[in-house]
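Peer 1: Just so you know, the protein sequences line up as chains A and B, in that order. Be aware that the first sequence starts at 20, since it is given in the working numbering, and climbs by one per residue. Be aware that the second sequence starts at 10, since it is given in the working numbering, and climbs by one per residue. Note that the Cβ used here is the ideal one computed from N, Cα and C, for glycine as well.
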Amino acid sequence: DTEVTQTPKHLVMGMTNKKSLKCEQHMGHRAMYWYKQKAKKPPELMFVYSYEKLSINESVPSRFSPECPNSSLLNLHLHALQPEDSALYLCASSQAGLATDTQYFGPGTRLTVL
Amino acid sequence: GQSLEQPSEVTAVEGAIVQINCTYQTSGFYGLSWYQQHDGGAPTFLSYNALDGLEETGRFSSFLSRSDSYGYLLLQELQMKDSASYFCAVLNTNAGKSTFGDGTTLTVKP
């Protein structure tokens, strides 16, 4: 099983709303990632969790807040977003967070901020 | 920093062979990955090269030359379903860097 699941598939929110994106994997992977992808652009790394600890934050604004409750789950809490934050948010996981690992991506959450 | 260069678009006909090149500039290089992404879908892992040479997986092959900082993805016996974006990527995430090329849009025509 090489499946990463994400919910919801689509999300529309206002700039004052608070919402959360969820990601789950049951491959026993110990590294999980959040990426942001704008249309016709490559994925951009936002956060990396390795063994449930935040190991990388690529200077992401504080209106994005990641959380890793356990090794299978990854959340991204959203608050006071801007319209330019509208994008596809991708979750990925890999075995141990090493540079040689293969990253497996979920289907993404398409976020629209009004 | 890291940068990867790949062509923006490639067009080919069904049954043909196409090669998508990728040149990279990076520090701490471990290997080059290739991902496929259909419109509206998620990136799907295709291939990874850590060492020089050719890796073959069915109709897809990937090549790496570390001395030239260059790699390519070779797609054989093209099918319509191969129409997608293809990204090369350097995923040094344990060094805090994870970079994708801008992607190559492959269009396969009948």
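With the cut-off set at 8 Å, would you say A/T121 and A/L30 are in Cβ contact?
Peer 2: The residue you call residue 121 of chain A lines up with position 102 of the first sequence. The residue you call residue 30 of chain A lines up with position 11 of the first sequence. Cβ distance not < 8 Å, so A/T121 and A/L30 don't count as in contact.
Peer 1: Assess contact between the stretch 61-78 of chain B and the stretch 108-115 of chain B, defined as three or more Cβ pairs (one per stretch) separated by less than 8 Å. Is contact present?
Peer 2: No, they do not touch.
Peer 1: Kindly indicate if chain A contains any beta-carbon less than 8 Å away from that of B/G10.
Peer 2: Walking along the second sequence from the start, residue 10 of chain B turns up at place 1. B/G10 does not count as touching chain A.
Peer 1: Across which residues does DSSP place B/F109 in a beta bridge pair?
Peer 2: To locate residue 109 of chain B, count along the second sequence from 1; it is residue 100. BP columns for B/F109 point to B/A98.
Peer 1: Could you give the distance in angstroms between the alpha-carbon of A/F124 and the alpha-carbon of A/L109?
Peer 2: As a working note, residue 124 of chain A is residue 105 in the first sequence. As a working note, residue 109 of chain A is residue 90 in the first sequence. Whole-angstrom Cα-Cα distance: 7 Å.
Peer 1: Which residue from B/S17, B/S76, B/Q45 and B/F72 puts its Cα closest to that of B/T35?
Peer 2: Against the second sequence, residue 35 of chain B aligns to sequence position 26. Nearest of B/S17, B/S76, B/Q45 and B/F72 to B/T35, Cα basis: B/S76.
Peer 1: Note down the Cα distance separating B/Y44 from B/G24, rounded to an integer number of angstroms.
Peer 2: Reading the second sequence from its first residue, position 35 is the one you call residue 44 of chain B. Reading the second sequence from its first residue, position 15 is the one you call residue 24 of chain B. The alpha-carbon atoms of B/Y44 and B/G24 are separated by roughly 21 Å.
Peer 1: Report the residue from B/A51, B/F38 and B/T32 whose alpha carbon sits nearest the alpha carbon of B/S94.
Peer 2: What you label residue 94 of chain B is simply residue 85 of the second sequence in a count that begins at 1. Ranking the options by Cα distance to B/S94, first place goes to B/A51.
Peer 1: Verify the CB distance criterion: does A/L130 have a CB-CB separation below 8 Å to chain B?
Peer 2: Here residue 130 of chain A refers to the residue found at position 111 of the first sequence. Closer than 8 Å: no.
Peer 1: Using the C-alpha atoms, what's the distance from B/L87 back to B/H47?
Peer 2: Here residue 47 of chain B refers to the residue found at position 38 when the second sequence is read from its first residue. Here residue 87 of chain B refers to the residue found at position 78 when the second sequence is read from its first residue. Their Cα atoms are separated by approximately 15 Å.
Peer 1: Taking only beta-carbon positions, decide if B/A51 is within less than 8 Å of chain A.
Peer 2: Counting from 1 along the second sequence, the entry for residue 51 of chain B is found at position 42. So yes, B/A51 belongs to the interface.
Peer 1: Can you check DSSP and say which residues form a bridge with A/L100?
Peer 2: As a position in the first sequence, residue 100 of chain A is number 81, starting the count at 1. DSSP output for A/L100 lists no bridge partner at all.
Peer 1: Going straight from the alpha carbon of A/K72 to that of A/Y52, what length do you get?
Peer 2: In the first sequence, counting from the first residue as 1, residue 72 of chain A sits at position 53. In the first sequence, counting from the first residue as 1, residue 52 of chain A sits at position 33. A/K72 and A/Y52: Cα-Cα distance of roughly 11 Å.
Peer 1: Please look up how many angstroms separate the CB atoms of A/K38 and A/M32, rounded, as I've assumed it's under 8 Å.
Peer 2: On the first sequence, position 19 is the one that residue 38 of chain A refers to. On the first sequence, position 13 is the one that residue 32 of chain A refers to. The Cβ separation is near 5 Å, so the contact holds.
Peer 1: Taking the C-alpha atoms as reference points, what is the distance between A/H98 and A/Y68?
Peer 2: Translated into positions along the first sequence, residue 98 of chain A becomes position 79. Translated into positions along the first sequence, residue 68 of chain A becomes position 49. Spanning the two alpha carbons is a distance of roughly 20 Å.
Peer 1: Compile a chain-ordered list of the residues in the stretch 108-119 of chain A whose CB is closer than 7 Å to at least one CB of chain B.
Peer 2: If the cut-off is 7 Å between Cβ atoms, the stretch 108-119 of chain A has L109, G116, L117, A118 and T119 near chain B.
Peer 1: Residues of chain B with a CB under 7 Å from the CB of A/T121: which are they?
Peer 2: Within the first sequence, residue 121 of chain A is the residue found at index 102, counting from 1. Result: F54 and Y57.
Peer 1: Would you mind sorting A/Y192 into buried or exposed? The rule is 16 or more other CB atoms within 10 Å of its CB.
Peer 2: With chain A covering only 20 through 133, there is no way to say anything about residue 192 of chain A.
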